[in-house]
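So the sequences go chain by chain: A and B.
Heads up, the numbering used here is the position in the first sequence plus 149, with the first residue counted as 1.
Heads up, the numbering used here is the position in the second sequence plus 31, with the first residue counted as 1.
Some notes on the structure that comes next.
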Amino acid sequence: MSGDFVNLLADLKEEEVLKLTQQRLDSKEDPLKILEDARKGMEIVGKRFAGGEYFLPELVFSGELLAQVTNIVKPHLTGAGVQQKKIGKVVIATVAGDIHDIGLNIVDFMLDVNGFEVTNLGVDVPIEKIVKAVKETGAPVLGLSGFLTPAFDAMKETVEALEKAGLRKNLKIMIGGGQMDDEVRKYAKADAFGKDAMAAVTLTKQWYGVK
Amino acid sequence: MAKPWAELSPEEKREERFKRWLSPPGVKFASPQAEKVYKERVTRFIKAFTLQKPDRVPCILPTGFYAASYAGTNLGEVMYDYDKMKSAWRKMMHDFSDADTYMPPALVPPGRSLEAVDYKLYKWPGHGLPKTTPSYQAVEGEWMKPNEYDALIRDPSDFWLRIYLPRIFGVFKAFNTLNPWTSFEEIATTPFIPFGNPEVQAGFNAIMKAGTESLKWIAAVGEVAGESLAMGFPGVMSGLAKAPFDTLGDTLRGTQGVMMDMFQRPQKVHEAMERLVPIIIEGAVAAVANAASPIVIMPLHKGADSFMSPKQYETFYWPTFKKVVMAMVNEGIYPMLFAEGSYNKRLDIIGDFPKGSVAWYFDQTDIFEAKKKIGDRCCIVGNVPTSLIMTGTPQQVKEHCKKLIEVCGKDGGYVLAGGANVDEGNPENLRAMMAAAKEYGVYK
Numbered sequence: 150m151s152g153d154f155v156n157l158l159a160d161l162k163e164e165e166v167l168k169l170t171q172q173r174l175d176s177k178e179d180p181l182k183i184l185e186d187a188r189k190g191m192e193i194v195g196k197r198f199a200g201g202e203y204f205l206p207e208l209v210f211s212g213e214l215l216a217q218v219t220n221i222v223k224p225h226l227t228g229a230g231v232q233q234k235k236i237g238k239v240v241i242a243t244v245a246g247d248i249h250d251i252g253l254n255i256v257d258f259m260l261d262v263n264g265f266e267v268t269n270l271g272v273d274v275p276i277e278k279i280v281k282a283v284k285e286t287g288a289p290v291l292g293l294s295g296f297l298t299p300a301f302d303a304m305k306e307t308v309e310a311l312e313k314a315g316l317r318k319n320l321k322i323m324i325g326g327g328q329m330d331d332e333v334r335k336y337a338k339a340d341a342f343g344k345d346a347m348a349a350v351t352l353t354k355q356w357y358g359v360k
Numbered sequence: 032m033a034k035p036w037a038e039l040s041p042e043e044k045r046e047e048r049f050k051r052w053l054s055p056p057g058v059k060f061a062s063p064q065a066e067k068v069y070k071e072r073v074t075r076f077i078k079a080f081t082l083q084k085p086d087r088v089p090c091i092l093p094t095g096f097y098a099a100s101y102a103g104t105n106l107g108e109v110m111y112d113y114d115k116m117k118s119a120w121r122k123m124m125h126d127f128s129d130a131d132t133y134m135p136p137a138l139v140p141p142g143r144s145l146e147a148v149d150y151k152l153y154k155w156p157g158h159g160l161p162k163t164t165p166s167y168q169a170v171e172g173e174w175m176k177p178n179e180y181d182a183l184i185r186d187p188s189d190f191w192l193r194i195y196l197p198r199i200f201g202v203f204k205a206f207n208t209l210n211p212w213t214s215f216e217e218i219a220t221t222p223f224i225p226f227g228n229p230e231v232q233a234g235f236n237a238i239m240k241a242g243t244e245s246l247k248w249i250a251a252v253g254e255v256a257g258e259s260l261a262m263g264f265p266g267v268m269s270g271l272a273k274a275p276f277d278t279l280g281d282t283l284r285g286t287q288g289v290m291m292d293m294f295q296r297p298q299k300v301h302e303a304m305e306r307l308v309p310i311i312i313e314g315a316v317a318a319v320a321n322a323a324s325p326i327v328i329m330p331l332h333k334g335a336d337s338f339m340s341p342k343q344y345e346t347f348y349w350p351t352f353k354k355v356v357m358a359m360v361n362e363g364i365y366p367m368l369f370a371e372g373s374y375n376k377r378l379d380i381i382g383d384f385p386k387g388s389v390a391w392y393f394d395q396t397d398i399f400e401a402k403k404k405i406g407d408r409c410c411i412v413g414n415v416p417t418s419l420i421m422t423g424t425p426q427q428v429k430e431h432c433k434k435l436i437e438v439c440g441k442d443g444g445y446v447l448a449g450g451a452n453v454d455e456g457n458p459e460n461l462r463a464m465m466a467a468a469k470e471y472g473v474y475k
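The following block contains the structure:
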């Protein structure tokens with residue numbers, strides 16, 4: 150049943166997934182086990198996305214399925230859930246003056262299903278807030294997202310502020326989104342430019358030294 | 032005697048519109064010289080658009096709101112101060128006098144009109160965005176709910192007035208209490224009643240205020256646009272139209288919403304898009320009716336490579352988009368299809384238009400590949416990277432343009448342009464684009 154569930158979720162079979170979630174709860178299965186299977190299903194979704202089989206619509210819809218499953222299961226959870234062991238921390242944000250979050254959320258999703266603990270600061274994030282988050286989390290990797298050209302300067306200023314705060318040395322910074330490219334990477338003095346969410350995962354893994 | 036419009040073939044209609052572009056009625060040129068260069072410029076564009084070899088490669092400088100920063104002001108300011116807007120755009124016109132075309136400030140929205148209706152769909156500088164941000168940005172959201180497809184499909188205008196506008200215009204909040212306008216029939220009695228509601232009346236007053244303000248705005252925009260024509264600069268974009276999928280996905284259901292609908296209610300998505308097709312066509316035809324140039328630009332968003340699979344593109348995006356484009360072509364309009372982001376995985380199907388009837392304007396697509404695959408049918412426009420224009424040196428920009436001209440400009444059918452618009456940066460980089468077109472773009 151568990152294997153079916155994982156695959157049904159990965160195949161985005163809404164009706165079947167929801168029915169099976171209810172059945173498993175009715176048969177007194179451990180709700181945590183269901184959530185763990187949901188996570189496995191999402192991992193497959195992430196792999197299919199990385200492999201070019203799934204695109205943004207599938208990602209969005211899988212997120213919706215996960216939310217529905219979680220909503221059904223949640224009332225049945227007793228004690229605290231077991232935290233999955235994470236590889237390490239990453240802070241991501243869309244820089245100041247830019248309110249676009251589609252790309253940002255894909256990066257969040259892909260880093261998450263690949264085992265990273267993501268602090269997603271959201272959109273139009275002031276420089277001070279990014280500096281503060283890097284300091285407080287101690288994350289060695291920062292992802293800056295931007296869609297429009299105003300992001301060029303906002304990224305540059307963010308990197309400069311991190312330098313000033315003495316946080317730049319042990320920090321790897323990647324940028325991505327809309328009009329970003331390697332020219333902007335040089336301009337902003339970031340470490341890497343990634344053209345999509347998979348690149349964000351590859352870069353982060355590389356910096357963490359994991360395969 | 033001339034044939035009636037309805038009896039003309041698409042080619043004849045376009046010919047008529049091109050003639051009008053070449054000799055726009057009512058335009059008094061500043062000098063015979065201005066008239067001469069105007070006609071040269073228009074001819075240059077028409078030839079490139081229709082896959083012929085002009086005297087040289089034409090160039091569209093990517094100067095959306097650039098005039099503002101160039102003149103030392105910013106978008107936030109010129110949205111409210113039309114004198115500043117006029118002087119900034121005039122400065123641009125005079126300082127870039129050798130450009131092939133000119134973009135009047137028509138895309139600068141009137142800030143006070145937006146404020147008058149408490150506009151919620153966009154944020155702009157000083158209104159949800161920092162004062163100095165050089166752009167406005169759409170607020171992603173479910174402005175239309177998943178269960179409202181039937182209302183949209185049944186009667187789009189009614190859906191707009193009583194469901195959609197009350198959400199995006201704060202001042203129309205009470206308009207959801209109105210009856211449909213169709214309730215006025217026979218001798219009218221009760222249908223008047225909701226209009227007595229002070230909140231509804233406040234909504235009408237607010238939009239009247241926005242209207243009054245917009246008259247001031249259009250007078251200012253029109254003044255500059257008129258001057259630019261008189262000085263000999265043709266406009267290349269008279270109107271704007273959207274792909275039906277984008278209308279749904281950008282500002283109705285939102286990106287997230289429309290993507291869920293592709294799985295949960297695909298049939299409704301198709302029906303709604305079909306319903307939007309004639310409305311979009313009507314808008315495009317109206318936009319060029321009184322304009323000099325017959326060019327309508329279509330900024331394309333959610334069909335880009337990173338948004339959907341090739342199969343989803345062919346199923347959801349392409350069919351109604353193509354209908355809109357073909358309807359324009361059949362009306363003699365020349366559509367410029369602006370593929371934002373990249374369209375590398377769409378190149379096998381997007382050339383499926385009558386030869387020389389549309390231009391594809393590319394942002395980040397591999398334009399050399401595009402030239403190879405669709406260059407025999409469509410004019411290619413683009414694509415000096417925005418980042419290069421904003422952060423590179425004039426020499427780098429010029430080199431890049433040279434390569435574009437050599438490859439894409441071969442045998443005509445090419446317009447040198449940016450990827451997206453640049454809002455700030457070194458003016459010498461824009462001059463380098465123009466210089467490259469003149470130096471490397473001459474056809475012998």
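Quick reminder that beta carbons are idealized off the backbone N, C-alpha and C, glycines included.
- Closest by C-alpha distance to P41 of chain B, out of B:G387, B:G423 and B:K70, is B:G387.
- For A370 of chain B, the enclosing beta strand (DSSP E) starts and ends at Y365 to A370.
- Between G142 of chain B and M110 of chain B, the CB-CB gap stays under 9 Å.
- If the five residues before and after D340 of chain A are omitted, its C-beta is found closer than 7 Å to the C-beta atoms of K321, I322 and M323, all from its own chain and listed in chain order.
- Its Cα nearest to that of V209 of chain A, the residue A:M259 stands out among A:K189, A:M259 and A:R173.
- Taking D112 of chain B as reference, the option from B:I249, B:D86, B:I224 and B:I77 with the minimal CA-CA separation is B:I249.
- Taken in chain order, the complete alpha helix (DSSP H) segments of 4 residues or longer contained in the stretch 407–475 of chain B are 417–422, 425–439 and 458–471.
- Taking 3 residues as the shortest admissible run, the stretch 102–187 of chain B contains the following complete beta strand (DSSP E) segments, listed from N- to C-terminal end: 153–156.
- The three-state secondary structure of G227 of chain B, taken from DSSP, is helix.
- With contact defined as three or more Cβ pairs closer than 8 Å, the stretch 446–454 of chain B and the stretch 297–313 of chain A are in contact.
- Beta-bridge analysis with DSSP links V308 of chain B to no other residue.
- Scanning chain B for C-beta atoms nearer than 7 Å to the C-beta of Y336 of chain A yields T422, reported in chain order.
- Sorting A:L214, A:A303 and A:E185 by C-alpha distance to the C-alpha of K168 of chain A places A:L214 at the top.
- A check of alpha carbon separations from Y357 of chain A across A:V290, A:T243, A:A159 and A:T170 identifies A:V290 as the nearest.
- Ranking A:P180, A:K284, A:L293 and A:I248 by CA distance to the CA of S166 of chain B puts A:I248 first.
- Annotation for T282 of chain B: L152, A169 and W174 place their beta carbon closer than 7 Å to its own, counting only its chain and skipping 5 residues before and after.
- In this structure I91 of chain B does not touch V316 of chain B by the C-beta definition: roughly 23 Å separates them, more than the 8 Å allowed.
- A distance below 9 Å separates the beta carbons of M329 of chain B and L368 of chain B.
- The CB of D281 of chain B never comes closer than 7 Å to any CB in chain A; the least such distance is about 12 Å.
- Remark: C-beta atoms of G334 of chain B and A274 of chain B approach each other more closely than 9 Å.
- Membership of T243 of chain A in the beta strand (DSSP E) is indicated by the continuous run G237 to T243.
- Of all residues in the stretch 275–298 of chain A, those with a C-beta nearer than 9 Å to a C-beta of chain B are F296, L297 and T298, reading in chain order.
- Neighbourhood of Q328 of chain A in chain B, by CB distance below 7 Å: T417, S418 and A451, in chain order.
- Taking a Cβ-Cβ threshold of 7 Å, the residues of chain A close to K154 of chain B are I248, in chain order.
- Note on geometry: alpha-carbon atoms of H431 of chain B and R284 of chain B lie some 39 Å from one another.
- Rounded to the nearest whole angstrom, the CA to CA distance from L82 of chain B to C410 of chain B is 6 Å.
- Annotation: the continuous beta strand (DSSP E) that includes K321 of chain A extends over K321 to G325.
- At least one C-beta of chain A is nearer than 9 Å to the C-beta of P161 of chain B.
- The continuous alpha helix (DSSP H) containing P350 of chain B extends over residues W349 to N361.
- The residues V155, L158 and A159, in chain order, have a CB closer than 6 Å to that of G190 of chain A in the same chain once the five nearest residues on each side in sequence are set aside.
- In this structure, DSSP gives E202 of chain A a state outside helix and strand, which the three-state scheme calls coil.
- Secondary-structure assignment with DSSP links V267 of chain A through a beta bridge to A:V239.
- When only Cα atoms are considered, S62 of chain B and A323 of chain B end up about 19 Å apart.
- By the rule that beta-carbons nearer than 9 Å mark a contact, M304 of chain B does not touch chain A.
- When the alpha-carbon of V327 of chain B is set against those of B:L279, B:M339, B:L378 and B:S269, the nearest one is in B:S269.
- For F338 of chain B, at least one C-beta of chain A is nearer than 9 Å to its own C-beta.
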